[in-house]
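Protein chains in written order, with the working numbering: chain P, 1 to 555; chain H, 556 to 1110.
Each residue gets a CB set at the ideal place from its N, CA and C atoms; glycine is no exception.
What follows is a short report on a single structure.
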């Protein structure tokens, strides 16, 4: 196989980037407008239209007994009508076991070459992935392209680099030579990175590729066969990834079932069945805390979870309150608050926020948030594209219920017209003031565009609540605004102890929701929001065991 | 603090050794007879006599409410009479929490310096540790010195090196610079290795330092306060380690309670209470599978276990059967089979073992094993010192019961006279032939000097049983003898899939029981014998979380 030689330079740079944690130093060409071809966008859209109502025939994993597909576009509020081949759990596991032998015996370099080649193939389909993502998740076009395309591929590359590095960090063999005085004991030793076994990757409905490819590629690079179980509501984006992986496997004379797609329906989900199967040794999961915690407790499995959390914004003091409110309003509007990194609990001291012009009162800040949210929503050139559509109708219900929370409703949720999709399911942010004493209200994730302005005694109180929420209920992100270095360090240290990364004083075109591959660890694994981290070393090392054999050197 | 500068060269070489996996290349001076001083042995013995019947007053962890101590010498079969300060779980946890703050804020280099200095101090007490180990575990003098002294210190050094390397692998800070076309987004990013919290290290009665120091030093280097809970039957060896750690902490103006000794009594064990405490985030454990599995299932904790297993020897073909039997007889006699790496199940094909002189029948091999075991036991200059004494009287019962197993008893267990300790509790190996069909007999650990010769159809059958035992019931070691390269690879591959390291064709002065720091991963974490490995990278990385903060670079 020569895939490895072809892709080695990229792999080398990716490993460098992993340690430098500044991706663009290693990949300076990366953020430049990629050359996808002038018709790439139109072609992608046309492909999406052509597949709608059809069978997805690209998979190479064998004849199916039935074809299933429940996907529905949040923009059109009608079924996509795409059907995928479906298999029983037993069939999927049997094929994964069958494929395991050849994959684990494929060296890590060859595995890396094949996986990197698959990313190249997927790159050529980013626009297809983008339309597939829009019409399953409700993401805006731009986010759908970025998050499911290049940013997901970056995370996949990161996992490949991390796995490759960890496996090649220990020598394949060495001579152990122990001087014993009159003679030496000499042993030939060898170390094998033994993959754990069948890997199950369970996707979510909002980020069907970004949240799944890390687990898929981390398990594959370390030699495990993977069963990808997408959310029944968001299959197509990851189906494209799996199809391309299978094609490259086949071209390299390997079993395409090394990476299978396991489609199910809302009527009969197979996730539990797969997860409980004794041959499934690795599970990656993004989704609800209840199911995630159930998976974590399964005995005899290594489970990597991203669950729910309560993300905070701590407002202490600002340089320019309008810029701050604008930045936070964008974070709240972005994909209608359906990001695991979106802020929910805004802690504002009762006596207000410090600023060069004197304190900004709680009410003044609330007013500014309302204005900035409205201003973005009402901008026809930005609003509909930033907010996108709402994936799940339950989110709309939750947003409506938020207006009944015990506190002043500063802004009601409303609808708006998407110029391209008249029938889109939408909801703009609701902003409610909550007193800090009402902990039961704000100590849970209210998924969607729901903002709680929590009135605290002072910044210490804010920090202590944000920390408590993260430690008790999980948190993936935290925003903080302060111009005081001592307060800054207090926040940094306290939130560290709750294993929550803090974005300080963000204004302009960068938002607390964003987590960049090769730089930001996504989820820390240190609070209830999840037990794993994209991509620290144990995210890959826990997918294999080091086994060392030894034998005396022949005299 | 300048401990780091003093010890940096050793740390650098230790990190090199960790990757080369050939310790003695990095530490060529190491196996040379160390210069402990001419009177070191006599001084150590005198110290042990002087402490017997007294209070152990060296700990710096505060006034105790009571003094406890149940230790008993297996050589003397009488209590040591040493008492240790004892505290309630609540007191221990409170002090650990109190000490946490200063330790986590001590930089990793300073932590490394302090821990390396403690190893230097302990080195000066290796002979005290040796006598303490003999008279708690029953180990022979030589093993007690090696395993509890230099070999344990090597494992501690390995853990320090691994932790130091992992924490320094990610930069403290970097500028993330993303070209956006007309401008760049520039963020100052910083990453903190945030320790998990209070660490509990639960010791065992047979290897009170070797099995505990890895967890202690791994947790300490990564910034966690440690509570060391030794087995009530083997406290003194690890008490010396803890005392020296505390002294170095105090000299460096740090709280000695960063590492506490938690002594309990057989009448009232506090392990469960400590393990269940919500502030305990990390648990290291060596001991029974039942309790280890209970610990592993505790929610919200990271648990590292070494439990029980069934170690196999696969006999296919040999060059010199006498050398093979002699080597295996030594493995069986060593510390009377009370090592977690001692072989138990010997798989011998019914048609015999291949050799240059033709097949060696099952009975011929059994006879040779009996002869070689007897020959070592009956050698007054070697036997008593290799076998040592039996730690727990239950082991003697188990050995006697083994004679009633359903099969031919090739060798009965007996006693022998230890020239130095007339009252020593001893037991020589029992060897029983078991048919491969009697799986219930040999599918559990029979701790102690118990050898089962299992008659199989052929080598494939042997390998399949050894693999099954390891996968279903755990295994830490495996011995295999074959002169056939294809069979060798078959065994290597199959046992890899059961995450069991294989020692091939050992003869002479190296035994399958031995696992060397910086080279042999001890326990793989891939079968029921334990979920952790000394010392792979996740053995240290799982003791902290990476938390990254970020803030725009000021223009």
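| Asked | Found |
| --- | --- |
| So is residue 766 of chain H buried or exposed if we call it buried at 16+ other beta carbons inside 10 Å? | buried |
| In angstroms, rounded to a whole number, what distance separates the CA positions of residue 432 of chain P and residue 525 of chain P? | 30 Å |
| For chain P, check one thing: does any of its Cβ atoms lie closer than 8 Å to the Cβ of residue 602 of chain H? | no |
| What is the DSSP secondary structure of residue 1104 of chain H, counted as helix, strand or coil? | strand |
| Would you say residue 1036 of chain H lies against chain P (beta-carbon separation less than 8 Å)? | no |
| Step through the CB atoms of chain P and report whether any lies within less than 8 Å of the CB of residue 965 of chain H. | no |
| Note down, in chain order, every chain P residue with its Cβ under 7 Å from the Cβ of residue 730 of chain H. | 22 |
| Can we say the stretch 1021–1036 of chain H touches the stretch 914–932 of chain H, given the rule of at least three CB pairs closer than 8 Å? | no |
| Going by Cα to Cα distance, which pick from H:775, H:941, H:1013 is closest to residue 1064 of chain H? | H:941 |
| Answer with yes or no whether the minimum CB distance from residue 915 of chain H to chain P is below 8 Å. | no |
| How would you call residue 369 of chain P, buried or exposed, if buried means at least 16 neighbouring beta carbons within 10 angstroms? | buried |
| On a CA-only basis, which of H:768, H:1022, H:597 is nearest residue 1119 of chain H? Give me that one, please. | There is no way to answer for residue 1119 of chain H, as the model of chain H reaches only from 556 to 1110. |
| Please give the ranges of any alpha helix (DSSP H) in the stretch 763–798 of chain H, keeping only runs that are unbroken, at least 4 residues long and fully inside the region. | 765–776 |
| Exposed or buried, what is residue 721 of chain H when buried is set at 16 or more other beta-carbons lying within 10 Å of its beta-carbon? | buried |
| Using 8 Å as the limit for Cβ to Cβ distance, is residue 780 of chain H near chain P? | no |
| State the beta-bridge partners of residue 145 of chain P as determined by DSSP. | Residue 145 of chain P pairs with nothing; no bridge assigned. |
| Enumerated in chain order, which unbroken segments of the alpha helix (DSSP H) with a length of 4 residues or greater are wholly contained in the stretch 793–831 of chain H? | 826–831 |
| Between the Cα of residue 957 of chain H and those of H:785, H:573, H:1004, spot the shortest distance and give me the residue it belongs to. | H:1004 |
| With respect to the alpha helix (DSSP H) encompassing residue 440 of chain P, which residues constitute its N-terminal and C-terminal limits? | 439–442 |
| Considering only C-alpha positions, which residue in the set P:260, P:518, P:532, P:423 is nearest to residue 94 of chain P? | P:260 |
| Comparing C-alpha positions only, which one of H:627, H:975, H:1034 sits nearest to residue 787 of chain H? | H:627 |
| Can you tell me which of H:874, H:869, H:877, H:863 puts its alpha carbon nearest to the alpha carbon of residue 895 of chain H? | H:863 |
| 8 Å is my cut-off, CB to CB: does residue 689 of chain H come that close to chain P? | no |
| Rounded to whole angstroms, what is the Cα-Cα separation between residue 447 of chain P and residue 479 of chain P? | 17 Å |
| Do you know offhand how far residue 655 of chain H's Cα is from residue 1101 of chain H's? | 18 Å |
| Tell me residue 522 of chain P's beta-bridge partners as DSSP assigns them. | P:534 |
| Can a CB atom of chain P be found closer than 8 Å to the CB of residue 561 of chain H? | no |
| Have a look at residue 922 of chain H and residue 187 of chain P and give me their C-alpha separation to the nearest angstrom. | 29 Å |
| Taking the C-alpha atoms as reference points, what is the distance between residue 266 of chain P and residue 132 of chain P? | 19 Å |
| Kindly indicate the opening and closing residues of the beta strand (DSSP E) around residue 328 of chain P. | Segment 321–333 is the alpha helix (DSSP H) holding residue 328 of chain P; no beta strand (DSSP E) there. |
| Under 8 Å, do residue 944 of chain H and residue 887 of chain H count as touching if we go by C-beta distance? | no |
| At the 8 Å Cβ level, is residue 1107 of chain H part of the contact set with chain P, yes or no? | yes |
| Can you look up residue 901 of chain H in the DSSP assignment and give me helix, strand or coil? | strand |
| Among P:422, P:467, P:533, P:548, which has the Cα closest to the Cα of residue 74 of chain P? | P:422 |
| Is the beta carbon of residue 155 of chain P closer than 8 Å to that of residue 529 of chain P? | no |
| Tell me whether residue 738 of chain H sits in a helix, a strand or coil according to DSSP, three-state version. | coil |
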